[in-house]
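To convert, note that position 55 of the sequence shown is 66 in our numbering; the numbers rise steadily by one, no gaps. All residues carry an ideal CB built from backbone N, CA and C; glycine is no exception. This report concerns only the one structure given below.
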Amino acid sequence: MAENTVSFSYITNTGLVREHNEDNVGFLGKSLPEEHGSMFRAVTEEVPLSACAAAGVFDGMGGEAAGEAASCAAAAAFAAFPFEQGTGEELVLAFTAMEEAVASMAKERRISLTGTTAVTVLTKGRHASIGHLGDSPAFLCRNGKLSLLTKPHTDAELMEKLGIRTGGKGRLTRFVGMSTSLLVPEPELGSVDIRPGDRLLLCSDGLSDLLLREELAEVLAAISAPGRAAEELFLRAMERGGKDNITVLLVQYPDEMTGE
Numbered sequence: 012m013a014e015n016t017v018s019f020s021y022i023t024n025t026g027l028v029r030e031h032n033e034d035n036v037g038f039l040g041k042s043l044p045e046e047h048g049s050m051f052r053a054v055t056e057e058v059p060l061s062a063c064a065a066a067g068v069f070d071g072m073g074g075e076a077a078g079e080a081a082s083c084a085a086a087a088a089f090a091a092f093p094f095e096q097g098t099g100e101e102l103v104l105a106f107t108a109m110e111e112a113v114a115s116m117a118k119e120r121r122i123s124l125t126g127t128t129a130v131t132v133l134t135k136g137r138h139a140s141i142g143h144l145g146d147s148p149a150f151l152c153r154n155g156k157l158s159l160l161t162k163p164h165t166d167a168e169l170m171e172k173l174g175i176r177t178g179g180k181g182r183l184t185r186f187v188g189m190s191t192s193l194l195v196p197e198p199e200l201g202s203v204d205i206r207p208g209d210r211l212l213l214c215s216d217g218l219s220d221l222l223l224r225e226e227l228a229e230v231l232a233a234i235s236a237p238g239r240a241a242e243e244l245f246l247r248a249m250e251r252g253g254k255d256n257i258t259v260l261l262v263q264y265p266d267e268m269t270g271e
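The following block contains the structure:
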């Protein structure tokens, strides 16, 4: 990995149980078609640290109509958004474009309820903005320690307080596509001041539900190549049963950064 470049890597797979892959990715101006197969090798690209670069993971709502179509529409709108400044304000506009794309798709196909989670990163220089709707998480790995950057938008906490066991999951309370039910969701934004060697991990719950946070950190600490690390995380989720679609997105910053 060259000094002053950022590596982006992703892998997505149907898993061992589901028949279709309802996950999608927005990756440096590209996205996957609605019908796409399983990957077994990660895609990796490097961009200059000074460049404005965006990537995201989209998990179509399992059990709902046209989850694959929703994640595809959102990912395509995100990939097509003209990011320039690398700001949270741009992410908000991108989420608006994603919401409009999913709503348009639902209207065209006459689908009454559809949607997708979205967890996205927009990076420029030593700053990264994180935007999300739903329960697909984003993590920061720094000095071998993993911290969660997002809070899941579900009713699990409320249900637990009411004495209703949810197993920690619960139903989504915010997602891309809510405008089809006359509710317009507001994305939650966060930011990270990047330090040399930082890694950002974005994923679908097909990974985070099966691997403990300590194991995620262990893999990221042990494997320096981002593509290989993404593949190892995917393989471990498969070893645990691959109960859901699995998507892993890694953003890796150089160990030395100068002039940015």
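{"Query": "Gln96: beta carbon under 7 Å from a heavy atom of the ligand FMN?", "Result": "Ligands in the displayed structure: none, and consequently the ligand FMN is not present."}
{"Query": "In chain order, what residues of the same chain have a beta carbon less than 6 Å from the beta carbon of Ala108, not counting five sequence neighbours either side?", "Result": "Ala88 and Phe92"}
{"Query": "Per DSSP, what are the beta-bridge partners of Gly71 in this structure?", "Result": "Thr127"}
{"Query": "Buried or exposed for Gln96, going by 16 or more other Cβ atoms inside 10 Å?", "Result": "exposed"}
{"Query": "Return yes when the Cβ of Ala86 is within less than 8 Å of the Cβ of Phe69, no when it is not.", "Result": "yes"}
{"Query": "If you follow the beta strand (DSSP E) that Thr16 is in, where does it begin and where does it stop?", "Result": "Thr16 to Asn24"}
{"Query": "Spell out the partners DSSP gives Asn35 in its beta bridges.", "Result": "Phe69"}
{"Query": "Pick out whichever of Leu218, Val54 and Ile234 has its Cα sitting closest to the Cα of Gly252.", "Result": "Leu218"}
{"Query": "Helix, strand or coil: which one does DSSP assign to Ala236?", "Result": "coil"}
{"Query": "Please name the residue, chosen from Gly142, Ile205 and Val259, that lies closest to Arg52 on a Cα-to-Cα basis.", "Result": "Val259"}
{"Query": "Could you compute how far the alpha carbon of Gly67 sits from the alpha carbon of Ser215?", "Result": "10 Å"}
{"Query": "Specify, as a first and last residue, the run of the alpha helix (DSSP H) that Gly217 falls within.", "Result": "Asp216 to Ser219"}
{"Query": "Drop a sphere of 10 angstroms on the beta-carbon of Arg185, count the other beta-carbons inside from all chains shown, and report buried for 16 or more, exposed for fewer.", "Result": "buried"}
{"Query": "Along the chain, where does the alpha helix (DSSP H) containing Ala112 start, and where does it finish?", "Result": "Gly99 to Arg120"}
{"Query": "Determine whether the beta carbon atoms of Arg120 and Ala80 lie at a separation below 8 Å.", "Result": "yes"}
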